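According to the working numbering, the sequence shown holds residues 1418 to 1551 in order.
Beta carbons: idealized from backbone N, C-alpha and C, even for Gly.
Remember, it's a predicted structure, so these values are computed and weren't measured experimentally.
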Amino acid sequence: MSKSLIEFAYEFVSSHEGSVNFTEIWNYVKEQSGLSEEDAAKKAGQFFTNMMLDGRFVTLGENEWDLRERHTFDKVHIDMKDVYSDVQTSDDDSEEEEEEDEYNRAFDESKEESSVEEDSDEEKEDSSNSEEEF
């Protein structure tokens, strides 16, 4: 049974002491697996995804990869609070508030219009009831 592409990658990265560029890994994998250029082009994206999902590998940024076991958690862990706090700005909040206010104004206006229509309908009923009494 032949090795999977990800097993070739693990073999290659394990043989290096430090991080390895993804292009070097992919070139080794293509060579070892005997993929044609056409097949390699079709499988490159899926291979990259598989490396991202494989718990043995970790990306260090700048397209550099290494084995997770060689790094401490705090070095490779991304705190999502930091990511989201960078994304949210006060401009975003004010835009959301403006949209909410605009929505509420439109809702209040339609509510007032329906209230005026109901009052008008009630007045018509009252006047028709008054006419019937005579």
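For a test of the three-state rule: what should DSSP assign to L1422, helix, strand or coil? L1422 falls in the helix class under three-state DSSP.
So E1481 is in the beta strand (DSSP E); what residue range does that whole segment cover? Note, E1481: beta strand (DSSP E), 1481-1484.
Do S1450 and F1474 count as a contact pair if the criterion is CB distance below 8 Å? No, these two residues do not count as a Cβ contact at 8 Å.
Sheet register partners of N1438 (DSSP bridge): As computed with DSSP, N1438 is found in a beta bridge with E1481.
Would you report the Cα separation of F1439 and M1468, rounded to the nearest angstrom? Each residue's Cα considered, the two are about 10 Å apart.
Can you give me the start and stop residues for the alpha helix (DSSP H) that G1462 sits inside? In the DSSP annotation of this structure, the continuous segment of the alpha helix (DSSP H) that includes G1462 starts and ends at 1454-1470.
Take S1419 as the anchor and find which of A1523, V1446, D1471, S1432 has the nearest alpha-carbon. When each option's Cα is compared against that of S1419, the closest is V1446.
Based on Cα-Cα distance, which residue from G1472, L1470, L1422 lies nearest to A1461? For the residues G1472, L1470, L1422, the minimum Cα distance to A1461 belongs to L1422.
Going straight from the alpha carbon of K1553 to that of E1519, what length do you get? Past the boundaries of the shown model lies residue 1553; the chain is included only from 1418 to 1551, so the question cannot be answered.
What residues match up with T1567 in a beta bridge as DSSP calls it? Given a span of 1418 to 1551 for the chain in the structure shown, any question on residue 1567 remains unanswerable.
What did DSSP end up calling F1551 once you bin it into helix, strand or coil? Confidence in F1551 is poor, its pLDDT being 49 and thus under 50, which makes the residue's placement unreliable; the coordinate value appears in the next sentence. Look at F1551 here: in three-state DSSP terms it is coil, with no helix or strand label.
Which word fits D1483, buried or exposed, when buried means at least 16 other C-beta atoms lie within 10 angstroms of its C-beta? By the 16-neighbour rule on beta-carbons within 10 angstroms, D1483 is buried.
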